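Residue 299 in this note's numbering is what sits at position 296 of the sequence shown, and the numbering runs on without skipping anything. All residues carry an ideal CB built from backbone N, CA and C; glycine is no exception. All of these numbers come straight from a predicted model, not from anything done at the bench.
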Amino acid sequence: MSTGTSLIQIRGLGKVFKTDVGEVNVLEDINLDIMKGEIFGIIGMSGAGKSTLVRCLNFLERPTRGTVYFDNQDLSALSQKELYRIRQSIGMIFQQFNLLMQRNVLKNVCFPLEIAGVRKKEAEARAYELLELVGLSDKAKAYPSQLSGGQKQRVAIARALANNPKVILCDEATSALDPATTKGVLALLKDINKRLGITIVIITHEMSVVEEICQRVAIIDNRRIAEVGYVQDIFTKPTTEAARRLVFPEGGQVEHFTSSRCCRIVFDGSSSFEPVIANMVLEFRQPVNIIFADTRNIDGKAFGQIVIQLPEDKLAGEKMMAYLQNRGLTVEEVKDFV
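Below you can see the structure in the form of structure tokens.
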């Protein structure tokens with residue numbers, strides 16, 4: 004859980020790449036705070052700049068403008084030697100795992116420890132400890148070619164933890180995995196965050212990943228940060244067009260309501276298992292039409308929204324809205340829904 008203290012501060016960050024056809028502006032005026040101990044998501048469509056941003060967090064890509072503060076140290080002011088020392092506190096996992104195919108699992112996990120000058124016996128003891136943590140203690144002598152995609156990513160997670168980092172950067176770490184394997188890897192990351200208190204930054208284009216694991220999220224769109232907030236707030240009340248496109252990928256657009264009264268019901272943490280609409284219909288013996296529904300189960304609670312068409316009877320409609328409000332739901336009458 005977050006401690007409320009910033010681990011990473013991004014200030015005025017911009018990145019321009021020079022190409023044969025001119026300059027390409029990839030990131031512009033990025034400002035973010037990522038707290039110690041939190042799981043923070045950065046989400047955007049392909050080409051939005053999110054992978055460049057994650058490489059700027061550890062200065063694998065040096066920003067053209069602005070800077071990054073890591074644990075109160077300005078990375079732009081550090082020498083290469085000092086940057087190398089800082090990077091030992093920053094683990095990273097990738098979409099394609101980046102394992103060394105000629106090394107077995109144990110030696111892959113030992114690799115960053117070898118580079119750091121840790122003695123072989125100590126490195127192997129640490130590697131075995133981490134393989135136990137990620138559930139692969141029986142695969143220590145196996146080679147990457149003998150592993151499934153999910154197992155390879157678990158090895159990559161163990162390797163990222165080798166030097167006791169303060170943060171793990173995950174760049175599309177589950178994009179190459181099937182849904183069931185993705186769920187297992189995300190559960191492992193969540194457990195690591197809870198057990199060890201390590202900050203985790205998730206870079207993804209999948210909203211399902213954000214809702215599964217992240218506490219806060221930044222939406223990057225057209226080189227800039229469009230919106231930042233708690234995941235449940237972004238899901239229930241997206242305030243920007245970029246956020247709405249991600250939360251409602253199929254459009255979430257309903258025709259203008261002209262013939263009847265409609266209301267929008269926002270679920271912001273009530274039980275996922277209470278059939279509140281069905282109970283309301285039974286209570287009042289009045290049917291309603293569901294115009295639009297998009298709800299998600301986040302951490303065992305319901306988040307999202309439903310738009311219903313109320314009965315023509317004004318009094319009955321008002322009673323229904325009061326019924327929903329009395330159950331802790333946000334309810335508002337709407338004419339347009341976006």
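Residue 223 and residue 318 have their C-alpha atoms spaced approximately 44 angstroms apart. Secondary structure at residue 242: coil, using DSSP grouped into helix, strand and coil. Runs of the alpha helix (DSSP H) lying entirely within the stretch 179-253 and spanning at least 4 residues, in chain order: 182-199, 210-216, 234-239 and 244-250. Positions of the beta strand (DSSP E) runs, each at least 3 residues long and wholly inside the stretch 74-109, are given as 93-97 in order along the chain.
Runs of the beta strand (DSSP E) spanning 3 or more residues and lying entirely within the stretch 263-337 occur at 265-274, 292-301, 304-312 and 333-337, in chain order. Less than 8 angstroms divides the Cβ of residue 246 from the Cβ of residue 237. With contacts defined by Cβ atoms closer than 8 angstroms, residue 297 and residue 308 form a contacting pair. Leaving aside the five residues that flank residue 36 on each side, the residues in its chain whose CB is nearer than 6 angstroms to its CB run, in chain order, 9 and 12. Taking all protein chains in view, the Cβ of residue 102 is crowded by 16 or more other Cβ atoms within 10 Å, so the residue is classified as buried. Contact between residue 232 and residue 163 is absent: CB atoms are separated by about 27 angstroms, not below the 8 angstroms threshold. Shortest Cα-Cα distance from residue 269 to any of 330, 120, 30 and 81 involves 330. Sequence-distant partners of residue 229 (beyond 5 residues in either direction) whose C-beta falls short of 6 angstroms from its own C-beta, in its chain, are 222, 243 and 245.
Taking residue 190 as reference, the option from 136, 31 and 127 with the minimal CA-CA separation is 136. Excluding its 5 nearest sequence neighbours in each direction, residue 142 has C-beta neighbours in its own chain below 6 angstroms: 108, listed in chain order. Look at residue 44 here: in three-state DSSP terms it is strand. Judged by DSSP in its simplified three-state form, residue 10 adopts strand.
About 5 angstroms separates the CB atoms of residue 216 and residue 193; that is less than 8 angstroms, so the two are in contact.
For the options 152, 248 and 168, the alpha carbon positioned closest to that of residue 99 is the one of 152. Per the coordinates, the alpha-carbon of residue 305 lies some 46 angstroms from the alpha-carbon of residue 85. For residue 71, the closest C-alpha among the options 96, 18 and 122 is that of 18. Residue 209 and residue 186 have their alpha carbons spaced roughly 13 angstroms apart. Judged by beta-carbon spacing, residue 29 lies within the 8 angstroms limit of residue 52, meaning their Cβ atoms are closer than that value. Nearest to residue 265 by alpha-carbon distance, out of 299, 150 and 310, is 310. Nearest Cα to residue 160 within the set 283, 188, 267 and 219: 188. For residue 15, the closest alpha carbon among the candidates 59, 44, 27 and 123 is that of 59.
Residue 158 and residue 149 have their C-alpha atoms some 12 angstroms from each other.
Assignment of residue 111 by DSSP, reduced to helix, strand and coil, places it in the helix class.
For residue 152, the three-state secondary structure derived from DSSP is helix. In this structure residue 166 is in contact with residue 115, their Cβ atoms being roughly 6 angstroms apart against a cut-off of 8 angstroms.
Residue 204 places its beta carbon less than 8 angstroms from that of residue 172.
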